[in-house]
Amino acid sequence: MKKAYELEEAVRFEGLGLHSGVETTLEVRGRGDGGEGIVFVRGDKRVEARADRVELRPLCTMIRGDDGTEFYTVEHVMSSLFMMGIVSAEVECAGPEVPILDGSARGFVEGLRRAKKREVGDVGWIDVKERVEVKSEDGGSWVVCDPVEGERMELLFELEYDTPYIGHQSLALVWGEGGDDVVDRVWDARTFCLLEDLERVRAMGLGKGGSLENAVVIGADGVLNAGGFRGEDECVRHKMMDALGDLWTLGKYVKGRIHFHKSGHGLNNMLARRLMGLEGGE
Ligand SMILES: [Zn+2]
Numbered sequence: 001m002k003k004a005y006e007l008e009e010a011v012r013f014e015g016l017g018l019h020s021g022v023e024t025t026l027e028v029r030g031r032g033d034g035g036e037g038i039v040f041v042r043g044d045k046r047v048e049a050r051a052d053r054v055e056l057r058p059l060c061t062m063i064r065g066d067d068g069t070e071f072y073t074v075e076h077v078m079s080s081l082f083m084m085g086i087v088s089a090e091v092e093c094a095g096p097e098v099p100i101l102d103g104s105a106r107g108f109v110e111g112l113r114r115a116k117k118r119e120v121g122d123v124g125w126i127d128v129k130e131r132v133e134v135k136s137e138d139g140g141s142w143v144v145c146d147p148v149e150g151e152r153m154e155l156l157f158e159l160e161y162d163t164p165y166i167g168h169q170s171l172a173l174v175w176g177e178g179g180d181d182v183v184d185r186v187w188d189a190r191t192f193c194l195l196e197d198l199e200r201v202r203a204m205g206l207g208k209g210g211s212l213e214n215a216v217v218i219g220a221d222g223v224l225n226a227g228g229f230r231g232e233d234e235c236v237r238h239k240m241m242d243a244l245g246d247l248w249t250l251g252k253y254v255k256g257r258i259h260f261h262k263s264g265h266g267l268n269n270m271l272a273r274r275l276m277g278l279e280g281g282e
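The opening position of the sequence shown corresponds to residue 1 in my numbering, with each subsequent residue numbered one higher.
Set out below in structure tokens:
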């Protein structure tokens with residue numbers, strides 16, 4: 001069993017939006033309305049961070065309300081809430097984009113860890129009875145989720161990039177019964193980007209707040225950041241952290257063996273929607 005928590009005090013974060021380049025603040029606190037789940041708030045606008053609220057955007061996870069209110073780059077704070085077992089929270093964001101901090105989940109986890117919390121029972125588990133599979137149009141990337149015994153998520157992430165500075169990386173972790181210290185393994189892994197893709201990203205009007213302070217940039221001759229990677233498997237550790245955030249839109253953990261093969265936010269959300277369907281939520 002994994003304990004579920006609610007925040008008893010507010011935690012504040014501030015920093016740049018990775019894509020907007022706008023300085024912003026984020027306050028995470030208990031929900032004032034007694035509701036369940038994570039809800040993003042701006043003024044009187046509220047959007048529930050549920051799998052069926054996620055819309056595809058390049059390079060980040062975005063949630064959108066019926067009235068068009070949007071919040072994007074929500075994945076790292078969502079991942080931190082997953083790892084801390086925080087099942088209900090109000091996340092007030094001053095603008096549409098969540099601050100990127102250092103590009104990893106570390107700042108969010110540190111803040112949430114320090115905050116006063118109270119236990120509110122156990123986190124629920126989605127029971128996977130048969131294989132659930134999603135894949136990209138060309139079949140090159142996919143996610144497969146199979147049933148497992150016990151309350152555990154067996155996670156395997158694999159990625160492959162042409163550049164030798166990333167290459168093939170894989171990471172296997174267990175969350176739940178008999179599990180690993182997942183937080184320690186993934187919390188400091190930063191967003192990364194290939195230098196050759198940066199121009200394309202900028203041309204899309206994205207990545208305006210991106211710098212070597214909040215992203216790892218990999219060029220033809222290696223990593224541009226002075227300190228290099230935080231360990232040789234930082235990229236796959238980051239992708240795993242992203243995936244946990246994308247799955248927290250379920251508000252429950254998943255009793256399953258999940259194999260992510262070159263997956264990203266889009267496929268992660270397709271899986272979450274299918275799993276939400278198992279719960280009768282869709
Ligand atoms: Zn990320």
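Using N, Cα and C, we set each Cβ at its ideal position, and we do this for glycine too.
Just so you know, these numbers come straight off a predicted model, no measurement behind them.
{"Check": "Whether residue 102 touches residue 225 by CB criterion (8 Å)", "Outcome": "no"}
{"Check": "Every unbroken beta strand (DSSP E) inside the stretch 81-127 [3 residues or more]", "Outcome": "86-93, 117-122 and 125-127"}
{"Check": "Rounded straight-line distance, which links the Cα of residue 61 to that of residue 153", "Outcome": "22 Å"}
{"Check": "Limits of the unbroken alpha helix (DSSP H) element including residue 239", "Outcome": "234-247"}
{"Check": "Straight-line Cα distance separating residue 179 from residue 281", "Outcome": "Note that residue 281 scores 49 on pLDDT, short of 50, meaning its location in the model is unreliable and no value can be drawn from it."}
{"Check": "Within-8 Å CB hit, residue 262 to chain D", "Outcome": "Protein chain content of the structure displayed is limited to a single chain, and chain D is not contained in it."}
{"Check": "Test item: CB-CB of residue 46 and residue 39 under 8 Å", "Outcome": "yes"}
{"Check": "Cβ pair residue 108, residue 88 closer than 8 Å", "Outcome": "no"}
{"Check": "Range covered by the alpha helix (DSSP H) that runs through residue 197", "Outcome": "195-203"}
{"Check": "CB-CB length for residue 24 against residue 110, believed under 8 Å", "Outcome": "Wrong, their Cβ atoms sit about 19 Å apart, outside the cutoff."}
{"Check": "Check: residue 242 C-beta below 7 Å from any heavy atom of ligand 1", "Outcome": "yes"}
{"Check": "DSSP beta-bridge partners of residue 10", "Outcome": "Partner(s): none; residue 10 has no beta bridge."}
{"Check": "Inter-stretch contact at 8 Å, needing at least 3 Cβ pairs: the stretch 145-163 / the stretch 221-237", "Outcome": "yes"}
{"Check": "Short Cβ contact (8 Å threshold) for residue 148 with residue 133", "Outcome": "no"}
{"Check": "Residue 36 - DSSP class collapsed to helix/strand/coil", "Outcome": "coil"}
{"Check": "Under the three-state DSSP convention, the category residue 130 falls into", "Outcome": "coil"}
{"Check": "Closer than 7 Å: residue 261 CB and nearest ligand 1 heavy atom", "Outcome": "no"}
{"Check": "DSSP beta-bridge partners of residue 170", "Outcome": "158"}
{"Check": "Close beta carbons around residue 84, own chain, < 6 Å, minus the five adjacent residues each side", "Outcome": "112"}
{"Check": "Any non-hydrogen atom of ligand 1 closer than 7 Å to residue 75 Cβ", "Outcome": "yes"}
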